[in-house]
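Q:
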Amino acid sequence: MRKIRVLPDEVAQKIAAGEVIERPVSVVKELVENALDAGATEVRIELADGGKALVKVQDDGSGMDAEDAALCFRRHSTSKIRREEDLERIATLGFRGEALASIAAVSRLTMRTFDGASDRGTMIEREGERLVAVTDIAFPRGTGVEVRDLFFNLPARRKFLRSASSELGPVTKYVTQAALGAPGVRFTLVHGGRETIACPPVGTLRERVFQLFGGKMVDRLMDVAAEEGPGRIEGLASLPLGGRPDKTVQHFFVNGRPVKDRVLMAALSQAYTGVLERGRQPEAFLFLEFPPGEVDVNVHPAKAEVRFRDTQLVFRLVLRAIGAGVSRGQVVKEVVPGGSGAAAARVAEGEAGYRAPGLAFGPADAEAIGADRAGDVGGDAAGDAKGDAKGDVYRASRYVSPSSTAAAAQAGPAVLGQFADMYIVAADGDGLLVIDQHNAHERVLYDKFREIDREKAWPRKTLLIPPVLELSPSAAAAFEESAALLDELGFRAEPMGGRSFALKEYPELFKQEEAGDIFLSLLEVAEERPAEERRGRLLATMACKAAVKAGEPLNRDKMGYLVAELFRTSQPALCPHGRPIVVRLEKATIDKGLGRK
Ligand SMILES: Nc1ncnc2c1ncn2[C@@H]1O[C@H](COP(=O)(O)OP(=O)(O)O)[C@@H](O)[C@H]1O
Ligand SMILES: [Mg+2]
4 MRKIRVLPDE VAQKIAAGEV IERPVSVVKE LVENALDAGA TEVRIELADG
54 GKALVKVQDD GSGMDAEDAA LCFRRHSTSK IRREEDLERI ATLGFRGEAL
104 ASIAAVSRLT MRTFDGASDR GTMIEREGER LVAVTDIAFP RGTGVEVRDL
154 FFNLPARRKF LRSASSELGP VTKYVTQAAL GAPGVRFTLV HGGRETIACP
204 PVGTLRERVF QLFGGKMVDR LMDVAAEEGP GRIEGLASLP LGGRPDKTVQ
254 HFFVNGRPVK DRVLMAALSQ AYTGVLERGR QPEAFLFLEF PPGEVDVNVH
304 PAKAEVRFRD TQLVFRLVLR AIGAGVSRGQ VVKEVVPGGS GAAAARVAEG
354 EAGYRAPGLA FGPADAEAIG ADRAGDVGGD AAGDAKGDAK GDVYRASRYV
404 SPSSTAAAAQ AGPAVLGQFA DMYIVAADGD GLLVIDQHNA HERVLYDKFR
454 EIDREKAWPR KTLLIPPVLE LSPSAAAAFE ESAALLDELG FRAEPMGGRS
504 FALKEYPELF KQEEAGDIFL SLLEVAEERP AEERRGRLLA TMACKAAVKA
554 GEPLNRDKMG YLVAELFRTS QPALCPHGRP IVVRLEKATI DKGLGRK
C-alpha cells in the first residue's frame with residue numbers, strides 16, 4: 004500500500020509559515036521590513052497583549068494598487084526580485100516573498116493600502132487561508148496591516164507563546180534595532196495604549212542613539228570609520244575606558260540589515276583588547292557596506308544571518324575603525340576623593356605628538372627599559388600641559404578634540420620619583436600621577452610588539468643546546484594547534500617524540516634562560532583562549548614577561564623614558580590585560596583638601 008502522500012495545501016502552508024513566523028516579534032519584523040522597503044518615512048507599531056491579540060503596523064510608504072494587494076499574499080510573490088541573478092544583488096530587506104503569505108496563513112489579517120495614484124484604496128480581510136472580503140476604501144497613501152489572534156488555527160504553536168511582557172521584550176529590542184538602522188524614519192511603538200518608543204526623524208545615528216539610549220550613552224561613544232578594498236564601515240563605539248558589564252549593546256548592520264554575527268562580535272572584542280577595563284564590554288553601533296557579491300543574505304528564512312565572502316576583510320575593517328578611534332583620544336583614571344570606587348576618568352592628552360614615532364625597537368628596549376634616554380620629557384614643558392576637561396570628573400571616558408591639546412601633547416608629565424619600588428610618581432600642570440611601573444612598561448612593550456608582529460619582523464636567536472620541554476597533554480594539544488602562530492612570534496619548537504619538545508628558537512628580546520618558561524606560559528594562554536583572541540593575548544603575555552617587575556628600583560632616566568613612552572602609546576590608561584596603569588590626583592582636589600582656594 005502506498006504510504007507517501009502529498010500534504011494538502013493548507014497543511015503545507017502552515018508548516019512553511021512556521022519557519023518564518025515564530026512569535027509576535029517575527030510578525031513585527033516582517034511588517035516593518037516591508038514598510039521600510041516601501042520607502043516609509045513613518046512607521047507606527049501597535050501591540051495588544053504582547054502582540055498575541057494584535058500586531059498593527061502602519062506606514063506612509065508606496066502602498067499598493069488593488070491588483071498587487073490581492074497578489075501579495077501568494078507565497079513567493081514579491082516585487083523585489085524577478086530572476087535568479089537578482090539574488091546576487093539584493094538591495095531590500097525582503098526578497099523571499101513569503102512573509103505576508105506566512106502571516107496570513109496563521110492569523111486573522113486585515114490590510115488597508117493605497118498607492119496614491121489609483122481611484123481608491125483597498126481593504127483585504129483574511130482568516131487563515133480564507134479570503135473573507137475585498138472592499139474599496141478611502142485611505143491615505145501607505146499601508147496598514149492588522150494581525151489578530153496569531154496562531155489561532157495552530158493551537159500547538161499558540162501554547163508556546165509566552166506572557167505578554169515576555170513577548171514584548173523581543174519586539175522592543177527589534178524596533179530599537181530597526182530605528183537605529185533608519186534614523187531618518189519616525190518610529191513609534193505603542194503597547195497597551197502606551198508609547199514605549201517614540202523617535203521623530205533625525206539626521207544622524209548619534210541623535211538616534213540619544214533618542215533611544217539617552218545622553219549618558221552618547222557621551223561614552225566615539226565616531227569610528229574605516230575603508231578597505233570593497234568594504235566600508237562606520238558608526239559609533241565605546242570610548243576607551245567606557246563600555247558596560249555585558250554585551251547587550253552591540254548592534255551590527257550589513258548593507259542596512261541588522262545582523263547577529265559571530266565574526267563581527269569576535270572582531271569587536273579583539274579590537275577592544277586592552278582598551279576597556281577588565282570585565283567591561285564594548286558598546287557598538289556599526290554599519291558595514293559591501294558591494295553585492297561580497298555578502299550573501301539568503302542564508303536563513305528569517306534573514307537574520309549573513310555570510311561574508313572574505314571574513315578577514317570584515318575583521319580588519321572592525322579592527323581598523325576601532326583602532327583609529329582609540330588612538331585619537333586618551334584617558335587616564337582619576338582618583339576620586341572619598342574613594343566611592345566609581346571609576347572616574349578624564350582625558351589627559353589629545354592626539355597630535357602622541358603617536359608612536361615609527362618603530363624604535365631594539366632588544367635593549369625590553370631589558371628593564373635599558374636605553375638611557377634622559378631629557379625626553381622636560382619638566383619645564385610640563386607646566387603647559389592642559390586638558391580640555393580640566394577639573395571635571397567623568398564617570399566614563401571623555402573624548403577631547405586634539406587641536407586644543409597640541410601643546411600638551413608635545414610635553415609629558417615630569418617624573419618626581421619612585422615610591423615603594425613599584426610606582427612612578429609624576430606631575431603635570433593639572434595634578435599628580437601615580438604610575439604602575441610594571442603595567443606601564445607592559446603597555447609600552449605591547450604596542451611595540453604589535454607593530455613588530457604586523458611587520459612580521461621578530462628578531463630571533465637559535466639555541467645551540469635546545470632545552471627539552473615536557474608538556475602536559477593539554478599543552479601539547481595547544482602546541483599542535485598554535486605551532487604556526489608561535490613560530491610567527493619567534494618561538495620554534497620541534498617534537499621529540501611523546502610529549503617532549505625541543506625549543507630551537509626564541510625571540511631575541513628575551514634572556515636565554517627564561518625562554519623555556521615563557522614558552523610554557525604562552526602555551527597556557529593558547530590553551531585558554533579562542534583562536535580569534537589568541538594572537539593578541541600571546542603578545543600581551545610576552546609584553547608582561549619582558550616588562551620591568553614591581554619591586555625593581557629604577558633610576559630617574561629610566562623612569563623618564565618609560566613615562567614618555569607610555570604617553571605615546573595607543574592607550575596609556577590601561578595595560579593590555581585591562582588593568583589601570585595610572586591614577587591621578589587633581590591639583591584642585593589637593594587644593595581643596597589643604598583648604599586653599
Ligand atoms: N507595507 C507595504 N507597502 C507596500 N508594498 C508592500 C508592503 N508590504 C508588502 N508589500 C508588497 O508585497 C510583496 C510581498 O511582501 P512579502 O510577503 O513581505 O515579501 P517580500 O518582502 O519578501 O517581497 C512585497 O514584495 C511588496 O511588493
Ligand atoms: Mg517582506
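Yeah, the sequence shown ends on 600 if you go by our numbering, and it's all consecutive.
Note that CB positions come from ideal geometry on N, CA and C, so glycine has one too.
Remember, it's a predicted structure, so these values are computed and weren't measured experimentally.
Helix, strand or coil, according to DSSP, for I127 in the structure here?
A: I127 falls in the strand class under three-state DSSP.
Q: Beta-carbon separation of V31 and Y177 under 8 Å?
A: With a cutoff of 8 Å on beta-carbon distance, V31 and Y177 are scored as near each other.
Q: So which of F482, G100, E589, E491 has the shortest CA-CA distance to E497?
A: F482
Q: When the Cβ atoms of the region 417-435 are set against those of the region 513-529, are three or more pairs found closer than 8 Å?
A: no
Q: Determine the burial state of T251: buried for a count of at least 16 other Cβ atoms within 10 Å of its Cβ, exposed for fewer.
A: exposed
Q: Just curious, the beta strand (DSSP E) that D615 is in, first and last residue?
A: Outside the modelled stretch of the chain, which goes from 4 to 600, sits residue 615, for which no answer is possible.
Q: Excluding five sequence neighbours on each side, which residues of the same chain lie with their C-beta closer than 6 Å to the C-beta of F117?
A: G66, G124, F142, R144
Q: With DSSP collapsed to three states, give me the class of H441.
A: Reduced to three states, the DSSP call for H441 is helix.
Q: Rank T314, S485, L525, L577 by C-alpha distance to the C-alpha of H444 and give the top, closest one.
A: L577
Q: Can you tell me which of the three DSSP states E354 falls into?
A: Low confidence applies to E354: its pLDDT is 29, below 50, so where it sits in the model is not reliable, and the reading given next is rough at best. DSSP places E354 in coil when its eight states are reduced to three.
Q: Using only alpha-carbon positions, find the residue among R161, A94, E128 that is nearest to A107.
A: E128
Q: Is E25 near ligand 2, going by C-beta to nearest heavy atom under 7 Å?
A: no
Q: Expressed to the nearest angstrom, what Euclidean distance is found between the alpha-carbon atoms of E491 and E484?
A: Taking the straight line from one Cα to the other gives about 13 Å.
Q: Under 8 Å, with one C-beta from each stretch per pair, do the region 85-103 and the region 53-62 reach the 3-pair mark?
A: By the Cβ criterion, the region 85-103 is not in contact with the region 53-62, since fewer than three pairs of Cβ atoms, one from each stretch, lie closer than 8 Å.
Q: Can you name the start and end residues of the beta strand (DSSP E) that K507 belongs to?
A: From DSSP, the beta strand (DSSP E) with K507 extends over 503-510.
Q: Examine the Cβ distances between the region 235-254 and the region 264-282 and report whether three or more of them are shorter than 8 Å.
A: Taking 8 Å as the limit for Cβ pairs, the verdict is that the region 264-282 does touch the region 235-254.
Q: Start and end of the alpha helix (DSSP H) containing R265?
A: For R265, the uninterrupted alpha helix (DSSP H) run begins and ends at 265-274, by DSSP.
Q: Under DSSP, the alpha helix (DSSP H) around L171 begins and ends at which residues?
A: 167-184
Q: Among A430, T191, S272, D152, whose alpha-carbon lies nearest the alpha-carbon of V174?
A: T191
Q: Once DSSP output is grouped into helix, strand and coil, what is the label at I140?
A: strand
Q: What residues come near ligand 2, if near means a beta carbon less than 6 Å from any of its heavy atoms?
A: E33, E36, N37, G97, A102
Q: When burial is assigned at 16 or more other CB atoms within 10 Å of the CB, is F290 buried or exposed?
A: buried
Q: Taking 7 Å as the limit between beta carbons, can you name the residues of its chain near G394, skipping five residues before and five after?
A: Interpretation of G394 is limited by its pLDDT of 28, a score under 50 that renders its predicted location unreliable; the figure taken from the coordinates is listed afterwards. Cβ within range, chain order: E589, A591.
Q: For the alpha helix (DSSP H) holding E308, just list the boundary residues, first then last.
A: Counting along the chain, E308 falls outside any alpha helix (DSSP H), and DSSP gives it neither H nor E.
Q: CB-CB under 8 Å to V262, same chain, minus the five flanking residues each way: which ones, in chain order?
A: F255, F256, A307, E308, V309
Q: Buried or exposed: which applies to S110, given that a residue is buried once 16 or more other Cβ atoms fall within 10 Å of its Cβ?
A: buried
Q: Applying the criterion that 16 or more other CB atoms from any shown protein chain within 10 Å of the CB defines a buried residue, is I48 buried or exposed?
A: buried
Q: Do L316 and E231 have their beta-carbon atoms positioned less than 8 Å apart in this structure?
A: yes
Q: Counting along the chain, where does the alpha helix (DSSP H) carrying D560 start and finish?
A: 559-569
Q: Quick check on the burial criterion: 16 or more other C-beta atoms within 10 angstroms. Buried or exposed for K219?
A: exposed
Q: Whose C-alpha, out of G434, S475, H441, L488, is nearest the C-alpha of R457?
A: Answer by Cα proximity: L488.
Q: Are R538 and V528 closer than 8 Å when you measure CB to CB?
A: no
Q: Tell me, please, whether the region 431-442 touches the region 508-516 by the rule of three or more beta-carbon pairs shorter than 8 Å.
A: no
Q: In its own chain, which residues sit with a C-beta less than 7 Å from the C-beta of I24, not counting the 5 before and 5 after it?
A: V30, S105, I106, V109
Q: Name the residue from L74, I93, R160, D68 whose alpha carbon lies nearest to the alpha carbon of A120.
A: D68
Q: Among T113, E45, L525, which one has its Cα closest to the Cα of L153?
A: T113
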